[in-house]
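Going by UniProt numbering, the residue at position 143 of the sequence shown is 143; the numbering climbs one at a time, nothing skipped. Glycine included, every Cβ here is placed at the ideal spot set by N, Cα and C.
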Amino acid sequence: MNTLFDDADDIQPQLDNEARDKYMYAKPKTVFVFRLPTQYPIVTIPILRKSRQSTYFAKRKKLKKTKKPNTKAPELKEWTYKDQHDWPRQYPDCGGRSQSPVDLPYTPLVKAKESRQLMFLNYDVLPKNLMLSHDGKRIVLYGEWKPINQPLIYGGAAHSRRYLFHSLTLHRPSEHRIGGLQFPMETQVLFISAEYKSFEEAIKASLKDAQAFLGIVNIYKYDNHTQQGLEELLKAGSKRFNTSMSLLPLGFFSPPLQQYACYQGSLTFPPCTESVLWLIRAKALPITRKAMDAASSIFEEDHVGSCLREPQSLNDRRVYYFH
């Protein structure tokens, strides 16, 4: 097996450097050259001073203002999966070199030895509210906890940085693939760095922060039973969307993990921000064929897989394995 072995403490700087290089080398830097008007000498003749000053200020009014570089986050416009090949026109990041989802290779992987444990806090705490939403494109679970009880993750590939839960999205079949294989279902659990108060603030900060988000991918494969959290989500979706559902902890829907693959990527939907540290669960969770058949009634799509983004090129990104 063609595998590299690195210390976990060395891998995080590599991830940071890989993300930082995207900003430093992906695009040429713009250099602004300012040519200031020549300063006129002071003369003793009042009439001549007035004439030159008038000419100077008249010229200044005609000078065009230098445009400032665009540092604003892209505004979210209406989009669909059908026109995903046109996304880069409205959202330039969607055409970047660090996009997600990807087809993960079996080998070679950079394997971490003596890695720090990934820590899950408040994964067993009941929320104040849970809502399963469907906007016609994606099925998303949102939750509300007391500030001190909000689920968060740190350690492992994220080291000491803390990420707070934002949402859980269902995909049928999976967006991520492994060795060319696509799986029956996938859930993506998105977290936001604790220093940001909202999704929008994290999007804006991602212009300078290459790891503003962390995402966990749960892959599901056929088995003789269905993971209890997924079963509850499918059950709730078959009844009604955009209403409160049974209060259950986040760990019920996405159990803690310690074995996972890791790579630097992006959001899988516009604006496709390339600031996501993705962790892909190493061991697939179970789902029955009966549950998959029942799921067809809650996914509003033209055909199976029409509400997915196609796999993006891995390019020169490395995939790390933590265990």
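How about G156 and S100: are their beta carbons less than 8 Å apart?
The residue labelled residue 156 in the question sits at position 156 within the sequence shown. The residue labelled residue 100 in the question sits at position 100 within the sequence shown. Against a cut-off of 8 Å, the Cβ pair of S100 and G156 comes out as no contact.
Leaving out five residues before and five after A194 in sequence, what residues of the same chain have Cβ atoms less than 7 Å from its Cβ?
Taking the sequence shown and counting its residues from 1, one reaches residue 194 at position 194. Closer than 7 Å at Cβ, skipping near neighbours: L152, R162, Y163 and L164.
Leaving out five residues on either side along the sequence, give the residues of the same chain with a beta carbon under 7 Å from the beta carbon of D93.
Looking up residue 93 in the sequence shown gives position 93. Excluding positions up to five away in sequence, the list reads S266, P271, C272, T273 and E274.
How many whole angstroms separate the CB atoms of R177 and Y222, which I take to be in contact at a CB cut-off of 8 Å?
Locating residue 177 in the sequence shown gives position 177, counting from the first residue. Locating residue 222 in the sequence shown gives position 222, counting from the first residue. Not confirmed; about 16 Å, so no contact.
Could you tell me how far apart the beta carbons of L214 and A158 are, in whole angstroms, since I believe they sit closer than 8 Å?
Counted from its first residue, the sequence shown places residue 214 at position 214. Counted from its first residue, the sequence shown places residue 158 at position 158. With 8 Å as the limit, L214 and A158 qualify as a contact, their Cβ atoms being about 6 Å apart.
Applying the criterion that 16 or more other CB atoms from any shown protein chain within 10 Å of the CB defines a buried residue, is Q117 buried or exposed?
Residue 117 sits at position 117 when you count from the first residue of the sequence shown. Exposed, because fewer than 16 other Cβ atoms sit within 10 Å of the Cβ of Q117.
Check each candidate in K137, Y321, P255 and C307 and name the one with the smallest Cα separation from residue 331.
Shown here, the chain extends from 1 to 323; a query on residue 331 therefore has no answer.
I'd like the list of long-range same chain contacts for G180, defined as Cβ closer than 8 Å, with 5 residues on each side in sequence excluded.
Residue numbering aside, residue 180 sits at position 180 when the sequence shown is read from its first letter. Closer than 8 Å at Cβ, skipping near neighbours: D103.
Where F165 falls: helix, strand or coil (DSSP):
As a working note, residue 165 is residue 165 in the sequence shown. Note: F165 maps to strand in three-state DSSP.
Rounded to a whole number of angstroms, what is the C-alpha to C-alpha distance between K208 and L277?
By 1-based counting over the sequence shown, the position of residue 208 is 208. By 1-based counting over the sequence shown, the position of residue 277 is 277. Taking the straight line joining both Cα atoms gives about 15 Å.
Who are the near neighbours of S313 in its chain, counting only those whose CB is closer than 8 Å to its CB and skipping five residues on each side?
Position 313 of the sequence shown, counted from the start, is the residue given in the question as residue 313. Closer than 8 Å at the Cβ level, and outside the excluded window around S313, lie R97, Q99 and V102.
Reducing DSSP to helix, strand and coil, say where Q99 ends up.
By one-based count along the sequence shown, residue 99 stands at place 99. Three-state DSSP puts Q99 in coil, outside helix and strand.
What is the C-beta distance between F183 and A284, in whole angstroms, given that I count them as a contact (C-beta under 8 Å)?
Here residue 183 refers to the residue found at position 183 when the sequence shown is read from its first residue. Here residue 284 refers to the residue found at position 284 when the sequence shown is read from its first residue. Going by Cβ atoms, the distance from F183 to A284 rounds to 7 Å, so yes, they are a contact pair.
Kindly identify the DSSP beta-bridge partner or partners of P286.
Counting from 1 along the sequence shown, the entry for residue 286 is found at position 286. Answer is K221, bridged to P286.
Would you tell me roughly how many angstroms separate the C-alpha atoms of G229 and H323, rounded to the nearest one?
In the sequence shown, the residue the question calls residue 229 occupies position 229. In the sequence shown, the residue the question calls residue 323 occupies position 323. Roughly 24 Å between the two C-alpha positions.
Taking C-alpha atoms, which residue in S198, I192, L132 and L126 lies nearest to L170?
Here residue 170 refers to the residue found at position 170 of the sequence shown. Looking at the Cα atoms, L132 is the closest of the given residues.
Tell me the residue span of the alpha helix (DSSP H) that contains W87.
As a working mapping, residue 87 is identified with position 87 in the sequence shown. Per DSSP, W87 belongs to the alpha helix (DSSP H) from W87 to Q90.
Where does the unbroken alpha helix (DSSP H) through I280 begin, and where does it stop?
Here residue 280 refers to the residue found at position 280 when the sequence shown is read from its first residue. It is not in any alpha helix (DSSP H) - I280 instead sits in the beta strand (DSSP E) that spans V276 to R281.
What number of angstroms, rounded off, separates the C-alpha of R240 from the C-alpha of I203?
Numbered from 1 along the sequence shown, position 240 holds the residue referred to as residue 240. Numbered from 1 along the sequence shown, position 203 holds the residue referred to as residue 203. Distance between the alpha carbons of R240 and I203 is about 30 Å.
Per DSSP, cross-strand counterpart(s) of S244:
Counting from 1 along the sequence shown, the entry for residue 244 is found at position 244. The partner list for S244 (beta bridge, DSSP) reads M131.
Look at the alpha carbon of D293 and the alpha carbon of M245, and state the distance between them as a whole number of angstroms.
Sequence index remark: in the sequence shown, residue 293 carries index 293 (1-based). Sequence index remark: in the sequence shown, residue 245 carries index 245 (1-based). D293 and M245: Cα-Cα distance of roughly 22 Å.
Less than 8 Å separating the beta-carbons of S167 and L141?
Stepping through the sequence shown from its first residue, residue 167 is reached at position 167. Stepping through the sequence shown from its first residue, residue 141 is reached at position 141. Cβ distance < 8 Å, so S167 and L141 count as in contact.
Below 8 Å on the Cβ atoms is my contact criterion, and I expect N218 with R281 to pass it. Report the Cβ-Cβ distance as a whole number of Å.
The residue you call residue 218 lines up with position 218 of the sequence shown. The residue you call residue 281 lines up with position 281 of the sequence shown. Confirmed, Cβ separation roughly 5 Å.
Whose C-beta lies closer than 7 Å to the C-beta of P311 among residues of the same chain, with five residues either side of it excluded?
For the purposes of this step, residue 311 is taken as the residue at position 311 of the sequence shown. Contacts found: P101, V102, D103 and R177.
Please state the DSSP three-state secondary structure of I192.
For the purposes of this step, residue 192 is taken as residue 192 along the sequence shown, with counting starting at 1. I192 falls in the strand class under three-state DSSP.
For K59, which of helix, strand or coil comes out of DSSP?
Numbered from 1 along the sequence shown, position 59 holds the residue referred to as residue 59. Its pLDDT being 48, under 50, K59 is placed unreliably by the model, and nothing is read from it.
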